[in-house]
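Report on the following structure.
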Ligand code: FES
């Protein structure tokens, strides 16, 4: 028998915008432990955990992106990550990646993390 992963509610799709990441605290840790954005209307979710020093990446609430949304940025030392796959393309953790979290969208447009 297959195990079904427990689901944790993240937000509604309509709460996100294309190439504009927001922070969330779906596990009640008292800080935004994940970031989420839309790419061509589909959600992408990553841990808010820079692979350089394992610290949160935003410099203030919901500021994770370069202007225009080309890259996710760690504001500690300027690492830049591709929103499409979390790969670091410049900075001290070049070649490493953000940890992507699997998610699904239900029929009512709610995003759930598969945890
Ligand atoms: S901690 Fe993110 S670039 Fe250094």
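Residue numbers (our numbering): 1 to 115.
Glycine included, every Cβ here is placed at the ideal spot set by N, Cα and C.
With fewer than 16 neighbouring CB atoms inside 10 Å of its own CB, residue 18 falls in the exposed class.
Non-local C-beta neighbours of residue 61 in its own chain, meaning closer than 7 Å and more than five positions away in sequence, comprise 23, ordered along the chain. Taking the C-beta atoms as reference points, residue 114 is found nearer than 8 Å to residue 5. The alpha-carbon of residue 14 is positioned some 22 Å away from that of residue 85.
Beta-bridge annotation (DSSP): residue 65 is paired with 72.
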